[in-house]
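One structure below.
Numbering (UniProt numbering), first residue to last: 1 to 412.
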(Lines of atoms letter the chains of each structure in order from A and count residues from 1; the text may use other names and numbers.)
(Lines give C-alpha, C1' and ligand atoms only; values in the text may rest on other atoms or scores of the structure.)
Protein backbone atom coordinates (compact mmCIF):
# COMPACT_ATOMS: atom_id res chain seq x y z
CA UNK A 1 0.00 0.00 0.00
CA UNK A 2 1.41 3.36 -1.00
CA UNK A 3 1.85 6.14 1.54
CA UNK A 4 -0.67 8.28 -0.36
CA UNK A 5 -3.35 5.58 -0.18
CA UNK A 6 -2.57 4.95 3.50
CA UNK A 7 -2.85 8.68 4.23
CA UNK A 8 -6.19 8.81 2.39
CA UNK A 9 -7.60 5.92 4.42
CA UNK A 10 -6.33 7.46 7.66
CA UNK A 11 -7.93 10.79 6.78
CA UNK A 12 -11.24 9.09 5.95
CA UNK A 13 -11.25 7.24 9.27
CA UNK A 14 -10.43 10.46 11.12
CA UNK A 15 -13.14 12.53 9.46
CA UNK A 16 -15.68 9.82 10.22
CA UNK A 17 -14.56 9.27 13.80
CA UNK A 18 -17.65 11.11 15.07
CA UNK A 19 -19.85 8.35 13.65
CA UNK A 20 -18.55 5.84 16.19
CA UNK A 21 -19.36 8.21 19.04
CA UNK A 22 -22.75 8.95 17.49
CA UNK A 23 -23.52 5.23 17.31
CA UNK A 24 -22.63 4.84 20.98
CA UNK A 25 -24.83 7.82 21.91
CA UNK A 26 -27.66 6.32 19.83
CA UNK A 27 -27.39 3.01 21.71
CA UNK A 28 -27.32 4.74 25.09
CA UNK A 29 -30.38 6.84 24.16
CA UNK A 30 -32.12 3.62 23.09
CA UNK A 31 -31.51 2.09 26.51
CA UNK A 32 -32.56 5.22 28.35
CA UNK A 33 -36.08 5.30 26.90
CA UNK A 34 -36.92 1.65 26.19
CA UNK A 35 -38.58 1.38 29.61
CA UNK A 36 -41.26 4.00 28.90
CA UNK A 37 -43.78 2.04 26.78
CA UNK A 38 -43.52 -0.90 29.19
CA UNK A 39 -45.03 1.11 32.06
CA UNK A 40 -48.46 -0.35 31.27
CA UNK A 41 -47.06 -3.90 31.16
CA UNK A 42 -45.43 -3.49 34.56
CA UNK A 43 -48.66 -2.09 36.00
CA UNK A 44 -51.08 -4.59 34.42
CA UNK A 45 -49.01 -7.77 34.02
CA UNK A 46 -46.27 -7.59 36.65
CA UNK A 47 -48.54 -6.30 39.40
CA UNK A 48 -46.77 -3.04 40.22
CA UNK A 49 -48.83 -0.05 41.34
CA UNK A 50 -49.08 3.16 39.37
CA UNK A 51 -46.83 4.83 41.94
CA UNK A 52 -44.24 2.04 41.62
CA UNK A 53 -43.91 2.35 37.85
CA UNK A 54 -43.79 6.15 37.94
CA UNK A 55 -41.09 6.01 40.64
CA UNK A 56 -39.11 3.69 38.37
CA UNK A 57 -39.55 6.18 35.52
CA UNK A 58 -38.23 8.96 37.76
CA UNK A 59 -35.34 6.86 39.13
CA UNK A 60 -33.67 7.50 35.80
CA UNK A 61 -33.18 11.13 36.85
CA UNK A 62 -31.28 10.14 40.01
CA UNK A 63 -28.64 8.48 37.85
CA UNK A 64 -28.74 11.01 35.05
CA UNK A 65 -27.99 14.15 37.06
CA UNK A 66 -24.62 12.90 38.43
CA UNK A 67 -23.78 11.72 34.93
CA UNK A 68 -24.45 15.18 33.55
CA UNK A 69 -22.65 17.13 36.24
CA UNK A 70 -19.60 14.94 36.86
CA UNK A 71 -18.91 13.03 33.64
CA UNK A 72 -17.79 16.02 31.58
CA UNK A 73 -15.33 17.04 34.31
CA UNK A 74 -13.93 13.51 34.51
CA UNK A 75 -13.59 13.37 30.73
CA UNK A 76 -11.66 16.66 30.78
CA UNK A 77 -9.21 15.06 33.21
CA UNK A 78 -9.02 11.51 31.87
CA UNK A 79 -10.12 11.73 28.22
CA UNK A 80 -13.40 11.28 26.36
CA UNK A 81 -12.91 7.65 25.33
CA UNK A 82 -12.75 5.95 28.77
CA UNK A 83 -15.72 7.89 30.16
CA UNK A 84 -17.85 7.26 27.06
CA UNK A 85 -16.92 3.57 27.25
CA UNK A 86 -18.11 3.53 30.85
CA UNK A 87 -21.39 5.03 29.63
CA UNK A 88 -21.92 2.23 27.09
CA UNK A 89 -21.08 -0.43 29.68
CA UNK A 90 -23.42 1.18 32.24
CA UNK A 91 -26.19 1.24 29.63
CA UNK A 92 -25.73 -2.48 28.86
CA UNK A 93 -25.57 -3.49 32.52
CA UNK A 94 -28.61 -1.34 33.21
CA UNK A 95 -30.60 -3.21 30.56
CA UNK A 96 -29.46 -6.62 31.82
CA UNK A 97 -30.42 -5.61 35.36
CA UNK A 98 -33.86 -4.56 34.11
CA UNK A 99 -34.14 -7.91 32.30
CA UNK A 100 -33.71 -9.87 35.53
CA UNK A 101 -35.91 -7.37 37.36
CA UNK A 102 -38.99 -9.28 36.23
CA UNK A 103 -37.83 -12.01 38.62
CA UNK A 104 -35.55 -10.17 41.03
CA UNK A 105 -38.13 -7.51 41.84
CA UNK A 106 -38.42 -3.76 42.37
CA UNK A 107 -34.88 -3.18 43.71
CA UNK A 108 -33.33 -4.63 40.54
CA UNK A 109 -35.62 -2.52 38.34
CA UNK A 110 -34.72 0.59 40.33
CA UNK A 111 -31.00 -0.16 40.00
CA UNK A 112 -31.33 -0.78 36.28
CA UNK A 113 -33.07 2.55 35.80
CA UNK A 114 -30.35 4.33 37.79
CA UNK A 115 -27.66 2.85 35.54
CA UNK A 116 -29.63 3.73 32.40
CA UNK A 117 -29.93 7.32 33.61
CA UNK A 118 -26.23 7.52 34.43
CA UNK A 119 -25.39 6.32 30.93
CA UNK A 120 -27.66 8.90 29.27
CA UNK A 121 -26.07 11.63 31.39
CA UNK A 122 -22.66 10.55 30.11
CA UNK A 123 -23.90 10.45 26.51
CA UNK A 124 -25.35 13.96 26.78
CA UNK A 125 -22.39 15.51 28.59
CA UNK A 126 -19.42 13.64 27.12
CA UNK A 127 -20.82 12.25 23.88
CA UNK A 128 -22.18 15.62 22.76
CA UNK A 129 -18.90 17.40 23.54
CA UNK A 130 -16.87 14.68 21.81
CA UNK A 131 -19.02 14.72 18.67
CA UNK A 132 -18.75 18.52 18.55
CA UNK A 133 -14.95 18.33 18.83
CA UNK A 134 -14.73 15.62 16.15
CA UNK A 135 -16.87 17.74 13.82
CA UNK A 136 -14.28 20.54 13.68
CA UNK A 137 -10.82 20.80 12.10
CA UNK A 138 -8.46 19.01 12.15
CA UNK A 139 -10.87 16.07 12.46
CA UNK A 140 -13.61 17.24 10.10
CA UNK A 141 -14.40 20.14 7.78
CA UNK A 142 -18.12 20.19 8.57
CA UNK A 143 -20.10 23.42 8.61
CA UNK A 144 -20.29 25.40 11.88
CA UNK A 145 -22.83 23.95 14.28
CA UNK A 146 -22.73 20.51 12.64
CA UNK A 147 -21.46 18.90 15.83
CA UNK A 148 -24.40 20.11 17.91
CA UNK A 149 -26.87 18.96 15.25
CA UNK A 150 -25.20 15.57 14.93
CA UNK A 151 -25.20 15.02 18.69
CA UNK A 152 -28.83 16.08 19.07
CA UNK A 153 -30.06 13.95 16.17
CA UNK A 154 -28.26 10.73 17.09
CA UNK A 155 -29.34 10.89 20.74
CA UNK A 156 -32.93 11.80 19.78
CA UNK A 157 -33.05 8.92 17.30
CA UNK A 158 -31.96 6.56 20.05
CA UNK A 159 -34.54 7.95 22.48
CA UNK A 160 -37.20 7.31 19.83
CA UNK A 161 -35.96 3.94 18.54
CA UNK A 162 -35.80 2.42 22.02
CA UNK A 163 -39.50 2.72 22.85
CA UNK A 164 -40.51 1.82 19.29
CA UNK A 165 -38.56 -1.45 19.44
CA UNK A 166 -39.71 -2.13 23.00
CA UNK A 167 -43.34 -1.61 22.04
CA UNK A 168 -43.14 -3.93 19.04
CA UNK A 169 -41.30 -6.68 20.94
CA UNK A 170 -43.60 -6.41 23.92
CA UNK A 171 -46.67 -6.65 21.70
CA UNK A 172 -45.60 -9.51 19.46
CA UNK A 173 -42.63 -11.37 21.00
CA UNK A 174 -42.40 -13.70 24.01
CA UNK A 175 -41.03 -12.57 27.39
CA UNK A 176 -41.63 -8.86 26.66
CA UNK A 177 -40.14 -7.69 29.97
CA UNK A 178 -36.90 -9.56 29.26
CA UNK A 179 -36.29 -9.72 25.51
CA UNK A 180 -36.47 -5.95 25.01
CA UNK A 181 -33.52 -5.37 27.35
CA UNK A 182 -31.46 -8.29 26.03
CA UNK A 183 -31.72 -6.91 22.49
CA UNK A 184 -30.43 -3.55 23.67
CA UNK A 185 -27.58 -5.06 25.70
CA UNK A 186 -26.49 -6.99 22.59
CA UNK A 187 -26.55 -3.74 20.58
CA UNK A 188 -24.15 -2.18 23.09
CA UNK A 189 -21.42 -4.72 22.25
CA UNK A 190 -20.59 -3.28 18.79
CA UNK A 191 -21.05 0.23 20.23
CA UNK A 192 -18.36 -0.45 22.84
CA UNK A 193 -16.08 -1.91 20.15
CA UNK A 194 -16.61 1.21 18.01
CA UNK A 195 -15.71 3.54 20.90
CA UNK A 196 -12.61 1.51 21.74
CA UNK A 197 -11.26 1.09 18.21
CA UNK A 198 -12.86 3.59 15.83
CA UNK A 199 -12.63 6.89 17.68
CA UNK A 200 -10.03 9.62 18.04
CA UNK A 201 -9.24 10.98 21.51
CA UNK A 202 -9.58 14.76 21.61
CA UNK A 203 -8.43 15.35 25.20
CA UNK A 204 -4.70 14.65 25.20
CA UNK A 205 -3.93 16.95 28.14
CA UNK A 206 -5.84 16.58 31.39
CA UNK A 207 -7.41 19.54 33.17
CA UNK A 208 -5.28 21.06 35.94
CA UNK A 209 -8.31 22.26 37.88
CA UNK A 210 -9.68 20.19 40.77
CA UNK A 211 -12.99 18.36 40.51
CA UNK A 212 -14.65 20.86 42.87
CA UNK A 213 -13.31 23.79 40.84
CA UNK A 214 -14.72 22.31 37.65
CA UNK A 215 -18.10 21.75 39.31
CA UNK A 216 -18.48 25.46 40.12
CA UNK A 217 -20.63 27.17 37.48
CA UNK A 218 -20.83 30.96 38.03
CA UNK A 219 -23.04 31.32 34.94
CA UNK A 220 -25.82 29.51 36.82
CA UNK A 221 -26.27 32.70 38.88
CA UNK A 222 -26.66 34.87 35.76
CA UNK A 223 -29.93 36.80 35.99
CA UNK A 224 -30.95 35.83 32.46
CA UNK A 225 -30.54 32.17 33.41
CA UNK A 226 -32.49 32.44 36.68
CA UNK A 227 -35.20 34.71 35.22
CA UNK A 228 -35.89 33.05 31.86
CA UNK A 229 -34.25 29.62 31.61
CA UNK A 230 -34.84 28.19 35.09
CA UNK A 231 -38.66 28.69 35.06
CA UNK A 232 -38.85 26.93 31.70
CA UNK A 233 -36.31 24.10 32.08
CA UNK A 234 -38.26 21.56 34.21
CA UNK A 235 -41.14 21.72 31.74
CA UNK A 236 -38.95 20.38 28.93
CA UNK A 237 -39.11 16.78 30.09
CA UNK A 238 -42.05 17.44 32.40
CA UNK A 239 -44.17 17.99 29.30
CA UNK A 240 -42.69 14.92 27.62
CA UNK A 241 -43.45 12.84 30.71
CA UNK A 242 -47.07 14.00 30.64
CA UNK A 243 -47.33 13.06 26.95
CA UNK A 244 -45.96 9.54 27.14
CA UNK A 245 -46.17 8.48 30.79
CA UNK A 246 -49.36 10.03 32.17
CA UNK A 247 -51.69 10.43 29.18
CA UNK A 248 -51.37 6.84 27.81
CA UNK A 249 -52.36 5.46 31.23
CA UNK A 250 -55.45 7.68 31.23
CA UNK A 251 -56.74 6.17 27.98
CA UNK A 252 -55.39 2.61 28.40
CA UNK A 253 -58.78 1.14 29.34
CA UNK A 254 -60.18 2.29 25.98
CA UNK A 255 -57.47 0.47 24.02
CA UNK A 256 -57.53 -3.09 25.33
CA UNK A 257 -54.65 -5.20 24.03
CA UNK A 258 -53.36 -2.29 21.94
CA UNK A 259 -52.51 -0.14 24.96
CA UNK A 260 -48.83 -1.02 25.06
CA UNK A 261 -48.23 -0.51 21.34
CA UNK A 262 -50.23 2.73 21.51
CA UNK A 263 -48.00 3.98 24.33
CA UNK A 264 -44.90 3.23 22.25
CA UNK A 265 -46.40 5.10 19.30
CA UNK A 266 -47.29 8.10 21.47
CA UNK A 267 -43.72 8.20 22.83
CA UNK A 268 -42.25 8.14 19.34
CA UNK A 269 -44.72 10.79 18.13
CA UNK A 270 -43.82 13.12 21.01
CA UNK A 271 -40.09 12.85 20.34
CA UNK A 272 -40.55 13.05 16.55
CA UNK A 273 -42.45 16.33 16.91
CA UNK A 274 -39.69 17.56 19.20
CA UNK A 275 -37.06 16.84 16.54
CA UNK A 276 -39.03 18.08 13.54
CA UNK A 277 -39.89 21.41 15.17
CA UNK A 278 -36.27 22.31 15.97
CA UNK A 279 -35.61 24.21 12.71
CA UNK A 280 -38.64 26.37 13.57
CA UNK A 281 -37.21 26.86 17.05
CA UNK A 282 -34.02 28.28 15.58
CA UNK A 283 -36.04 30.77 13.50
CA UNK A 284 -38.09 31.76 16.54
CA UNK A 285 -34.97 32.39 18.59
CA UNK A 286 -34.19 36.08 19.00
CA UNK A 287 -31.06 37.32 20.72
CA UNK A 288 -32.92 40.42 21.89
CA UNK A 289 -35.91 38.70 23.49
CA UNK A 290 -37.25 35.51 25.10
CA UNK A 291 -39.64 34.91 22.20
CA UNK A 292 -38.80 31.24 21.59
CA UNK A 293 -38.87 30.37 25.30
CA UNK A 294 -42.27 32.03 25.76
CA UNK A 295 -43.71 30.32 22.66
CA UNK A 296 -42.55 26.95 23.99
CA UNK A 297 -44.17 27.62 27.37
CA UNK A 298 -47.45 28.65 25.73
CA UNK A 299 -47.48 25.45 23.66
CA UNK A 300 -46.78 23.34 26.73
CA UNK A 301 -49.49 25.08 28.76
CA UNK A 302 -52.03 24.51 25.97
CA UNK A 303 -50.84 20.91 25.68
CA UNK A 304 -51.39 20.32 29.41
CA UNK A 305 -54.90 21.79 29.14
CA UNK A 306 -55.50 19.33 26.28
CA UNK A 307 -54.29 16.60 28.65
CA UNK A 308 -56.98 17.75 31.11
CA UNK A 309 -59.58 17.26 28.37
CA UNK A 310 -58.10 13.83 27.66
CA UNK A 311 -58.37 12.89 31.33
CA UNK A 312 -62.05 13.90 31.28
CA UNK A 313 -62.99 12.21 27.98
CA UNK A 314 -60.52 9.25 27.97
CA UNK A 315 -60.14 9.89 24.23
CA UNK A 316 -57.16 8.18 22.50
CA UNK A 317 -57.59 10.56 19.56
CA UNK A 318 -57.27 13.62 21.77
CA UNK A 319 -54.20 12.08 23.36
CA UNK A 320 -52.51 12.21 19.95
CA UNK A 321 -53.07 15.98 19.85
CA UNK A 322 -51.59 16.23 23.37
CA UNK A 323 -48.45 14.39 22.22
CA UNK A 324 -48.06 16.71 19.21
CA UNK A 325 -48.52 19.90 21.26
CA UNK A 326 -46.28 18.84 24.12
CA UNK A 327 -43.69 17.35 21.76
CA UNK A 328 -43.52 20.59 19.79
CA UNK A 329 -43.25 22.62 22.99
CA UNK A 330 -40.51 20.29 24.21
CA UNK A 331 -38.52 20.68 20.97
CA UNK A 332 -38.70 24.47 20.94
CA UNK A 333 -37.91 24.68 24.65
CA UNK A 334 -34.81 22.50 24.59
CA UNK A 335 -33.29 24.38 21.63
CA UNK A 336 -34.21 27.85 22.88
CA UNK A 337 -32.78 27.07 26.32
CA UNK A 338 -29.50 25.90 24.80
CA UNK A 339 -29.25 29.05 22.69
CA UNK A 340 -29.94 31.21 25.76
CA UNK A 341 -27.15 29.60 27.80
CA UNK A 342 -24.72 29.80 24.89
CA UNK A 343 -25.21 33.57 24.91
CA UNK A 344 -24.72 34.05 28.64
CA UNK A 345 -21.89 31.60 29.46
CA UNK A 346 -18.15 32.06 29.07
CA UNK A 347 -16.62 29.44 26.72
CA UNK A 348 -15.05 27.46 29.58
CA UNK A 349 -18.34 27.47 31.49
CA UNK A 350 -20.51 26.20 28.65
CA UNK A 351 -20.16 22.51 29.53
CA UNK A 352 -20.92 23.19 33.18
CA UNK A 353 -23.97 25.36 32.56
CA UNK A 354 -25.22 22.81 30.02
CA UNK A 355 -25.05 20.16 32.73
CA UNK A 356 -27.01 22.38 35.12
CA UNK A 357 -29.55 23.13 32.38
CA UNK A 358 -30.14 19.49 31.48
CA UNK A 359 -30.32 18.54 35.17
CA UNK A 360 -33.09 21.07 35.71
CA UNK A 361 -34.82 19.84 32.55
CA UNK A 362 -34.83 16.22 33.68
CA UNK A 363 -36.33 17.09 37.06
CA UNK A 364 -39.59 17.15 35.10
CA UNK A 365 -39.42 13.36 34.81
CA UNK A 366 -40.34 13.20 38.51
CA UNK A 367 -43.77 14.73 37.77
CA UNK A 368 -45.58 11.43 36.98
CA UNK A 369 -44.46 9.92 40.30
CA UNK A 370 -45.60 13.01 42.20
CA UNK A 371 -49.03 12.96 40.55
CA UNK A 372 -49.39 9.21 41.04
CA UNK A 373 -48.72 9.66 44.77
CA UNK A 374 -51.43 12.34 44.94
CA UNK A 375 -53.92 10.39 42.82
CA UNK A 376 -55.43 8.67 45.84
CA UNK A 377 -56.58 12.08 47.09
CA UNK A 378 -57.12 14.15 43.93
CA UNK A 379 -58.33 13.22 40.45
CA UNK A 380 -56.09 13.56 37.41
CA UNK A 381 -58.25 16.25 35.77
CA UNK A 382 -57.90 18.41 38.87
CA UNK A 383 -54.16 17.75 39.23
CA UNK A 384 -53.43 18.42 35.57
CA UNK A 385 -55.43 21.63 35.76
CA UNK A 386 -53.24 22.74 38.66
CA UNK A 387 -50.15 21.76 36.65
CA UNK A 388 -51.40 23.86 33.72
CA UNK A 389 -51.88 26.86 36.04
CA UNK A 390 -48.29 26.50 37.32
CA UNK A 391 -47.03 26.18 33.73
CA UNK A 392 -48.93 29.33 32.80
CA UNK A 393 -47.38 31.17 35.74
CA UNK A 394 -43.92 30.06 34.60
CA UNK A 395 -44.73 31.30 31.09
CA UNK A 396 -45.57 34.70 32.56
CA UNK A 397 -42.33 34.66 34.55
CA UNK A 398 -40.34 33.96 31.37
CA UNK A 399 -42.26 36.68 29.52
CA UNK A 400 -41.49 39.19 32.27
CA UNK A 401 -37.81 38.74 31.39
CA UNK A 402 -38.51 39.21 27.66
CA UNK A 403 -35.58 41.56 26.97
CA UNK A 404 -33.89 41.83 30.36
CA UNK A 405 -30.35 40.91 31.43
CA UNK A 406 -29.01 40.51 27.89
CA UNK A 407 -25.63 42.04 28.61
CA UNK A 408 -23.60 38.84 28.15
CA UNK A 409 -21.60 36.58 30.45
CA UNK A 410 -20.58 39.34 32.86
CA UNK A 411 -24.13 40.01 34.04
CA UNK A 412 -25.01 38.36 37.31
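From the three backbone atoms N, C-alpha and C, an ideal C-beta is built for every residue, glycine too. Every value quoted in this text rests on a predicted model; they were computed, and no experiment measured them.
Report task. Out of 99, 194, 265, 180, state which residue places its alpha-carbon closest to the alpha-carbon of residue 19. Result -> 194
Query - residue 88 vs residue 28 beta-carbon contact at 8 Å - result: Yes; because the gap between Cβ atoms is below 8 Å, this pair is in contact.
Report task. Apply the 10 Å Cβ neighbour rule to residue 44 and answer buried if 16 or more other Cβ atoms are within range, or exposed otherwise. Result -> Under this definition residue 44 is an exposed residue.
Report task. Compare the C-alpha of residue 355 against each of 70, 76, 32, 49 and name the closest. Result -> 70
Query raised in the report: Going by C-alpha distance, which of 246, 186, 191, 279 is nearest residue 267?
Result: 246
Query raised in the report: Three-state secondary structure (DSSP) at residue 18?
Result: helix
Query raised in the report: Do you know how far the Cα of residue 225 is from the Cα of residue 288?
Result: 14 Å
Query - Cα-Cα separation between residue 387 and residue 234, rounded to whole angstroms - result: 12 Å
Report task. Within its chain, find whatever has a CB closer than 7 Å to the CB of residue 398; leave out the 5 residues flanking it on each side and keep chain order. Result -> 228, 231, 232, 290, 293, 294, 297
**Report entry** CA-to-CA distance, residue 124 to residue 134, given in whole angstroms
**Finding:** Cα to Cα, residue 134 sits roughly 15 Å from residue 124.
Requested in this report: Report buried or exposed for residue 49, applying the criterion of at least 16 other Cβ atoms within 10 angstroms of its Cβ.
Outcome: exposed
Report task. With DSSP as the reference, label residue 172 as helix, strand or coil. Result -> helix
Query raised in the report: Looking only at its own chain, which residues have a Cβ that is under 7 Å from the Cβ of residue 301, when we skip the five neighbours before and after it?
Result: The answer, listed in chain order, is 388, 391, 392, 395.
**Report entry** Inter-residue spacing [alpha-carbon to alpha-carbon] between residue 203 and residue 190
**Finding:** 23 Å
Query - Cβ-based neighbour list, residue 198, same chain, cut-off 6 Å, excluding 5 preceding and 5 following - result: 20
Requested in this report: Within its chain, find whatever has a CB closer than 6 Å to the CB of residue 286; leave out the 5 residues flanking it on each side and keep chain order.
Outcome: Nothing meets the Cβ criterion.
Report task. Under 7 Å Cβ to Cβ from residue 306, same chain only, skipping five residues before and after it: list those, please. Result -> 318, 321, 322, 325
**Report entry** Reduced DSSP secondary structure (H/G/I, E/B, other) of residue 190
**Finding:** Residue state, collapsed to three classes: helix.
**Report entry** Cα-Cα separation between residue 362 and residue 68, rounded to whole angstroms
**Finding:** 10 Å
Requested in this report: Could you tell me the boundaries of the alpha helix (DSSP H) in which residue 131 lies?
Outcome: 128-134
Query raised in the report: Does the distance from the C-beta atom of residue 40 to that of residue 243 stay below 8 Å?
Result: no
Query raised in the report: So, is residue 378 buried or exposed, given that buried needs 16 or more other C-beta atoms within 10 angstroms?
Result: exposed
Query - residue 38 - DSSP class collapsed to helix/strand/coil - result: helix
Report task. Would you mind reading off the limits of the alpha helix (DSSP H) that contains residue 102? Result -> 80-104
Query - Which of helix, strand or coil DSSP assigns to residue 138 - result: coil
Query - 7 Å CB neighbourhood of residue 163 in its chain, flanking five on each side removed - result: 33, 34, 36, 37, 264, 267, 268
Requested in this report: Express the C-alpha separation of residue 217 and residue 412 in angstroms, rounding to a whole number.
Outcome: Bear in mind that a pLDDT of 48 at residue 412, under 50, signals an unreliable position, so the model cannot answer this.
Requested in this report: Run the CB neighbour count on residue 400, radius 10 Å, all protein chains shown included, and call it buried at 16 or more, exposed below.
Outcome: exposed
Requested in this report: Reducing DSSP to helix, strand and coil, say where residue 289 ends up.
Outcome: coil
Query raised in the report: In three-state DSSP terms, what is residue 257?
Result: helix
Requested in this report: Measure from the C-beta of residue 375 to each C-beta in chain D and report whether the shortest distance is under 8 Å.
Outcome: Protein chains in the displayed structure number just one, and chain D is not present.
Requested in this report: Return yes when the Cβ of residue 275 is within less than 8 Å of the Cβ of residue 328, no when it is not.
Outcome: no
Requested in this report: Look at residue 344 and residue 219 and say whether their C-beta atoms are less than 8 Å apart.
Outcome: yes
Requested in this report: Check the C-beta distance from residue 181 over to residue 98 and give it rounded, since I have them as a contact under 8 Å.
Outcome: 5 Å
Query - Every unbroken alpha helix (DSSP H) within the region 306-365, with a cutoff of 4 residues, ordered by chain - result: 316-344, 350-362
Requested in this report: Report all residues from its chain with a CB closer than 7 Å to the CB of residue 110; omit the five preceding and five following residues, and keep chain order.
Outcome: 56, 59.
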